[in-house]
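In the numbering used here, the protein residues as written are 521 to 869. All C-beta atoms in this analysis are idealised placements derived from N, C-alpha and C, irrespective of residue type, glycine included. Note that this is a predicted model, so its numbers are computed, not measured.
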Ligand SMILES: Cc1ncc(COP(=O)(O)O)c(C=O)c1O
């Protein structure tokens with residue numbers, strides 16, 4: 521048996537921990553603390569198991585039509601994936617040749633680096649949030665907006681400006697855009713758009729991370745390239761029906777997003793009041809540095825010991841902070857109480 525050299529070298533992506541116990545405060549993977557639309561439960565209850573004998577619609581026709589209508593584009597400009605992670609993986613295969621590279625902001629979603637390694641091409645990180653400098657060999661640039669793990673928001677005009685001058689494909693990863701003050705969908709939908717894809721997910725603002733559905737809108741030829749290389753039936757029948765129910769319940773979606781945004785602002789204020797460095801976030805998480813004297817890595821471990829899960833990314837650009845997913849007001853209070861207690865106890869205690 522032979523494993524390809526680049527796969528043998530590969531470290532693989534480490535997803536955030538999914539603890540078995542329900543008795544933890546889980547603020548580590550940017551899931552939504554509120555349930556999905558009640559219309560999802562209704563669709564699931566009334567789903568006819570006999571329909572599962574057949575393969576699902578390979579093009580997610582009904583869901584794609586609803587998405588296309590909402591964004592004012594033809595269905596041929598919409599692609600739906602098994603989570604937006606699948607779309608990222610397909611883009612790495614469709615828009616990158618051997619000898620080319622994948623670029624992104626740095627820090628950003630840590631999966632991008634792994635995707636480049638799987639594709640066996642270099643990954644190039646730009647200096648910081650703001651105007652990226654991808655390097656001449658980058659043929660696919662992944663611009664997360666709002667960025668993760670920072671929560672920082674780039675103006676759509678700056679992204680449009682970058683895309684105009686970029687010779688390759690720009691994928692704007694808008695996993696968290698519903699929590700932000702703006703987005704780039706108009707850029708993706710514009711008839712003159714030749715190289716920009718805007719991607720969204722049902723995992724965050726729609727509370728459906730377990731369902732695995734994401735989508736993107738882009739120029740027809742780029743979308744057609746994704747269709748060419750996808751698995752025939754990449755989104756299952758239940759997922760298509762449930763995602764459609766969530767997508768069409770706009771009032772519930774707006775309400776849930778508003779609750780998360782309100783809880784985020786309260787969390788940022790409380791962290792600042794305790795001496796944390798908590799920059800403004802336009803996402804459903806906060807990337808905050810604990811007060812002087814409290815080491816982020818130790819605090820992460822101490823919180824875990826107290827049943828509070830947040831995310832810690834080691835490294836020079838991220839290792840002095842914790843990424844805290846915004847939970848319900850009660851979960852956020854439990855996190856703050858645990859952090860206060862751990863810091864008061866000199867962290868280890
Ligand atoms: C920036 C970003 N993009 C994409 C994803 C993947 O989302 P999905 O659940 O749709 O695969 C995540 C998940 O955490 C993310 O943070």
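How do the region 562-573 and the region 759-771 stand: do at least 3 beta-carbon pairs fall below 8 Å, yes or no? yes
Helix, strand or coil, according to DSSP, for residue 621 in the structure here? strand
Bridge-paired residues (DSSP) for residue 751: Partner(s): none; residue 751 has no beta bridge.
Given 8 Å as the limit, is there contact between the region 770-788 and the region 575-583, that is, 3 or more CB pairs closer than that? no
Does at least one heavy atom of ligand 1 sit under 8 Å from the Cβ of residue 696? yes
When every heavy atom of ligand 1 is checked, does at least one fall within less than 8 Å of the C-beta of residue 782? no
Is residue 527 buried or exposed, if buried means 16 or more other CB atoms sit within 10 Å of its CB? exposed
Continuous beta strand (DSSP E) stretch holding residue 721: start and end: 716-721
Please determine, among 721, 789, 726 and 735, the residue with the shortest C-alpha to C-alpha distance to residue 553. 726
By the DSSP assignment, the alpha helix (DSSP H) with residue 632 in it spans what residues? 631-639
Neighbourhood of ligand 1 [Cβ distance below 5 Å to any heavy atom], ordered by chain position: 603, 604, 605, 629, 664, 668, 693, 695, 721, 723 and 734
Under DSSP, the beta strand (DSSP E) around residue 581 begins and ends at which residues? Residue 581 -> not in any beta strand (DSSP E); alpha helix (DSSP H) instead, spanning 581-591.
Can we say the region 653-665 touches the region 612-627, given the rule of at least three CB pairs closer than 8 Å? yes
Can you check whether the C-beta of residue 782 is within less than 9 Å of a C-beta belonging to chain C? Annotation note: the requested chain C is absent from the structure, which comprises a single protein chain.
Backbone secondary structure at residue 844 - three-state DSSP: strand
Return the bridge partner residues of residue 546 from the DSSP annotation. 829
Quick one: measure Cβ to Cβ for residue 669 and residue 807, integer angstroms, because I've assumed they're closer than 8 Å. 5 Å
Taking the alpha-carbon of residue 741 as reference, which of 719, 671 and 615 has the nearest alpha-carbon? 615
With DSSP run on the structure shown, which of helix, strand or coil describes residue 738? coil
Using 9 Å as the threshold, is the C-beta distance between residue 568 and residue 827 below it? no
Environment of residue 749 [buried if 16+ CB atoms lie within 10 Å]: exposed
Which stretch, first to last residue, makes up the beta strand (DSSP E) that contains residue 664? 658-664
Using a Cβ-Cβ cut-off of 7 Å (strictly less than) and excluding sequence neighbours within five positions of residue 546, which residues of its own chain qualify? 539 and 829
Three or more C-beta pairs below 8 Å linking the region 797-807 and the region 669-678: yes
Residue nearest to residue 531 in terms of C-alpha spacing, selected from 556, 631 and 582: 631
Identify, in the order they occur along the chain, each residue of the same chain with its Cβ nearer than 6 Å to the Cβ of residue 708, setting aside the five sequence neighbours on each side. 716, 718, 737 and 738
Check each candidate in 596, 584, 634 and 866 and name the one with the smallest Cα separation from residue 533. 634
Short Cβ contact (9 Å threshold) for residue 690 with residue 661: yes
Below 9 Å between beta carbons: does that hold for residue 848 and residue 831? no
Going by DSSP, which residues form a beta bridge with residue 691? 662 and 717
Among the residues of its own chain, which have a CB less than 6 Å from the CB of residue 666, if the five just before and after it don't count? 673, 696, 700, 802 and 803
From the DSSP secondary-structure annotation, give me the bridge partner or partners of residue 643. 622
Near residue 580, what residues of its chain come up, given a Cβ to Cβ distance below 6 Å and the 5 sequence neighbours on each side ignored? 600, 755 and 760
Determine the contact status of residue 852 and residue 746, defining contact as a CB-CB distance below 9 Å. no
What number of angstroms, rounded off, separates the C-alpha of residue 839 from the C-alpha of residue 815? 9 Å
Hey, residue 659 and residue 685 are a contact pair by Cβ (cut 8 Å); roughly how many whole angstroms apart? In fact, because the Cβ distance is near 14 Å, the residues do not count as touching under 8 Å.
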